[in-house]
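Heads up: take any position in the sequence shown, counting from 1, add 73, and you land on my numbering.
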Amino acid sequence: MHRDGRLVALLPLHERRRFGVTVLRLLGHGLGTVSEALATDEHALTDLVAGLATTGSVIELTHLPASSPLVTAVHRDPGWDSTFDPDDHCPVIELPVGTRAADLRSKSTLSRAASTRRKLEREGAGLQVETVRTPAELDARWDDIVATAAAAQNDEGDDRLNLCAPPHDQFTSEFLRQEAADGHLLLWGGTFGGIWGAHFATLRTGHTSELWFTRFDPDRGRSRPGHLLIEAVCDQHDDVDVTRVDLLIGRSRYKRDWQSHEYAVGTLTAVPAGNRTARSRMAAAEHSVRILRAVAERARRP
Numbered sequence: 074m075h076r077d078g079r080l081v082a083l084l085p086l087h088e089r090r091r092f093g094v095t096v097l098r099l100l101g102h103g104l105g106t107v108s109e110a111l112a113t114d115e116h117a118l119t120d121l122v123a124g125l126a127t128t129g130s131v132i133e134l135t136h137l138p139a140s141s142p143l144v145t146a147v148h149r150d151p152g153w154d155s156t157f158d159p160d161d162h163c164p165v166i167e168l169p170v171g172t173r174a175a176d177l178r179s180k181s182t183l184s185r186a187a188s189t190r191r192k193l194e195r196e197g198a199g200l201q202v203e204t205v206r207t208p209a210e211l212d213a214r215w216d217d218i219v220a221t222a223a224a225a226q227n228d229e230g231d232d233r234l235n236l237c238a239p240p241h242d243q244f245t246s247e248f249l250r251q252e253a254a255d256g257h258l259l260l261w262g263g264t265f266g267g268i269w270g271a272h273f274a275t276l277r278t279g280h281t282s283e284l285w286f287t288r289f290d291p292d293r294g295r296s297r298p299g300h301l302l303i304e305a306v307c308d309q310h311d312d313v314d315v316t317r318v319d320l321l322i323g324r325s326r327y328k329r330d331w332q333s334h335e336y337a338v339g340t341l342t343a344v345p346a347g348n349r350t351a352r353s354r355m356a357a358a359e360h361s362v363r364i365l366r367a368v369a370e371r372a373r374r375p
């Protein structure tokens, strides 16, 4: 959306066909991140949403925060019939200046972590945590990141999207390299006896570090590398000027153990008002997707 020749609102989308209906989705659909429209002010966002309604297309936008201004704008616009279905959660760790891991977890929990580190030392696999922030540092560790992601992917039961393998690896590498060049990359890595075995990749916006993906070598799973890396993040956050870590999409045991709170995300589906054909076809498509997901979930169970 432009105003007086100046860009004032942006929502990157791509088209696909579902049941004969043109559906607009976020450009990053399926790549494991929360999305939002960019707008200079509320009026710009309102105009963007109104303009989208005139295209006659359906919008299906996943992983939007429940409090998203975009969700609110679409619900308010009379040109859309819309629904928002919360379907996931994003845990958050609040880290005010001076906060340490000891302020967030119990003494017994941190004692177990210290015991794990001592055991790793005795085994010759002592843990060292490093940060990757520059293009040169990323280039030096990229092969290790790819290898660790591949090991995790090959581990039985890990069916998550591997962003460091084809067809996504080139995009991920170039994207992270550009983020590093712009000063936004903040990737924590764990080496065990000098060998890379875990990483926690985030992008920084202001004082918030937003998780994109994390992986660890399954051979290191017993040492609970997720907990050890987050402990390091909590102890080192002042050094990198971070006061909030958004763990983004999905709950897990290690996220739950460290989180301060969480927020809901969901899918916004909107059909141009009065377009009953599109709405019925989208309803049929969603019903089919729910059935397929249920079948896939049953197939994964032992």
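The beta carbon of each residue, even a glycine, is placed where N, CA and C say it ideally should be. Just so we're clear, the structure is a prediction, and the values are computed from it rather than from any experiment.
Own chain residues within Cβ distance below 8 Å of residue i, not counting five before or after
{"i": "Gly270", "result": "Thr221, Gly263, Thr264, Phe289, Asp290, Asp292, Arg293 and Pro298"}
{"i": "Ala139", "result": "Phe157, Pro159, Tyr336, Ala337, Val338 and Gly339"}
{"i": "Thr245", "result": "Leu236 and Cys237"}
{"i": "Ser325", "result": "Gly299"}
{"i": "Arg191", "result": "none"}
Enclosing beta strand (DSSP E) for residue i [first to last residue]
{"i": "Glu115", "result": "Element bounds for Glu115: not the beta strand (DSSP E) but the alpha helix (DSSP H), Glu115 to Ala126."}
{"i": "Thr257", "result": "Checking the sequence, you will find His at residue 257 rather than Thr. First-last for His257: undefined, no H or E at that position."}
{"i": "His87", "result": "Leu86 to Arg91"}
{"i": "Leu134", "result": "Val131 to Pro138"}
{"i": "Thr156", "result": "Trp153 to Glu167"}
{"i": "His334", "result": "His334 to Pro345"}
Spatial distance of residue i from residue j (CA atoms)
{"i": "Tyr327", "j": "Gly124", "result": "43 Å"}
{"i": "Asp114", "j": "Leu84", "result": "14 Å"}
{"i": "Arg250", "j": "Ala346", "result": "43 Å"}
{"i": "Leu320", "j": "Ile218", "result": "19 Å"}
{"i": "Gln243", "j": "Asp161", "result": "28 Å"}
{"i": "Ser179", "j": "Leu118", "result": "45 Å"}
{"i": "His148", "j": "Ala343", "result": "9 Å"}
{"i": "Thr182", "j": "Met74", "result": "51 Å"}
{"i": "Gly171", "j": "Thr189", "result": "25 Å"}
{"i": "Leu193", "j": "Val318", "result": "27 Å"}
{"i": "Tyr336", "j": "Arg98", "result": "22 Å"}
{"i": "Arg214", "j": "Ala254", "result": "15 Å"}
{"i": "Val96", "j": "Thr127", "result": "14 Å"}
{"i": "Arg90", "j": "Gly129", "result": "13 Å"}
{"i": "His116", "j": "His102", "result": "26 Å"}
{"i": "Arg206", "j": "Ser184", "result": "30 Å"}
{"i": "Val144", "j": "Asp120", "result": "14 Å"}
{"i": "Leu80", "j": "His136", "result": "25 Å"}
{"i": "Thr275", "j": "Gly78", "result": "34 Å"}
{"i": "Arg329", "j": "Trp285", "result": "17 Å"}
{"i": "Glu196", "j": "Ala146", "result": "57 Å"}
{"i": "Glu283", "j": "Thr106", "result": "9 Å"}
CB contact flag (residue i, residue j, <7 Å)
{"i": "Arg233", "j": "Leu259", "result": "no"}
{"i": "Val165", "j": "His334", "result": "yes"}
{"i": "Leu211", "j": "Leu341", "result": "no"}
{"i": "Asp131", "j": "Val94", "result": "Residue identity differs from the one stated: residue 131 is Val in this sequence, not Asp. A contact, by the Cβ cut-off of 7 Å."}
{"i": "Leu100", "j": "His87", "result": "yes"}
{"i": "Cys163", "j": "Ile322", "result": "yes"}
{"i": "Glu109", "j": "Ser141", "result": "yes"}
N- and C-terminal bounds of the alpha helix (DSSP H) containing residue i
{"i": "Glu304", "result": "Pro298 to Gln309"}
{"i": "Ser188", "result": "Lys180 to Arg195"}
{"i": "Glu210", "result": "Pro208 to Asn227"}
{"i": "Ala144", "result": "One point to set straight first is that residue 144 is Val, not Ala, in the sequence displayed. First-last of the alpha helix (DSSP H) with Val144: Pro142 to Arg149."}
{"i": "Arg329", "result": "Arg326 to Trp331"}
{"i": "Ala271", "result": "First-last for Ala271: Ile268 to Thr278, but that is the beta strand (DSSP E), not the alpha helix (DSSP H)."}
{"i": "Asp176", "result": "Ala174 to Leu177"}
Residue i classed as buried or exposed, judged by whether at least 16 other C-beta atoms fall within 10 angstroms
{"i": "Gln201", "result": "exposed"}
{"i": "Gly256", "result": "exposed"}
{"i": "Pro375", "result": "Low local confidence applies: a pLDDT of 49 at Pro375 is under 50, so the model's placement there is unreliable, and no value is given."}
{"i": "His360", "result": "At His360 the pLDDT is 49, less than 50, meaning the model places this residue with poor confidence; the figure from the coordinates comes in the next sentence. Counting Cβ neighbours within 10 Å, His360 comes out exposed, since fewer than 16 surround it."}
{"i": "Ala225", "result": "buried"}
{"i": "Ser296", "result": "buried"}
{"i": "Glu247", "result": "exposed"}
{"i": "Arg76", "result": "exposed"}
{"i": "Ala238", "result": "exposed"}
{"i": "Glu252", "result": "buried"}
{"i": "Ala209", "result": "exposed"}
Cβ neighbours of residue i in the same chain (closer than 7 Å, five flanking residues each side left out)
{"i": "Glu304", "result": "Ala174 and Ala186"}
{"i": "Ala198", "result": "Phe265 and Gly266"}
{"i": "Glu167", "result": "Arg317 and Ser333"}
{"i": "Asp314", "result": "His280"}
{"i": "Leu177", "result": "Cys307 and Trp331"}
{"i": "Gly152", "result": "Ala123, Ala126, Pro345 and Ala346"}
{"i": "Asp228", "result": "Pro291"}
Spatial neighbours of residue i in its chain, beta-carbon cut-off 6 Å, leaving aside the 5 residues before and after
{"i": "Arg111", "result": "The residue you asked about is not Arg; residue 111 is Leu in the sequence shown. Cβ within range, chain order: Leu83."}
{"i": "Arg373", "result": "Because the pLDDT of Arg373 is 49, which lies under 50, any placement of that residue in the model is unreliable, and the number read from its coordinates should be weighed accordingly. Taken in chain order, the list of residues that qualify is empty."}
{"i": "Phe273", "result": "Trp261, Thr287 and Leu302"}
{"i": "Glu203", "result": "Gly262"}
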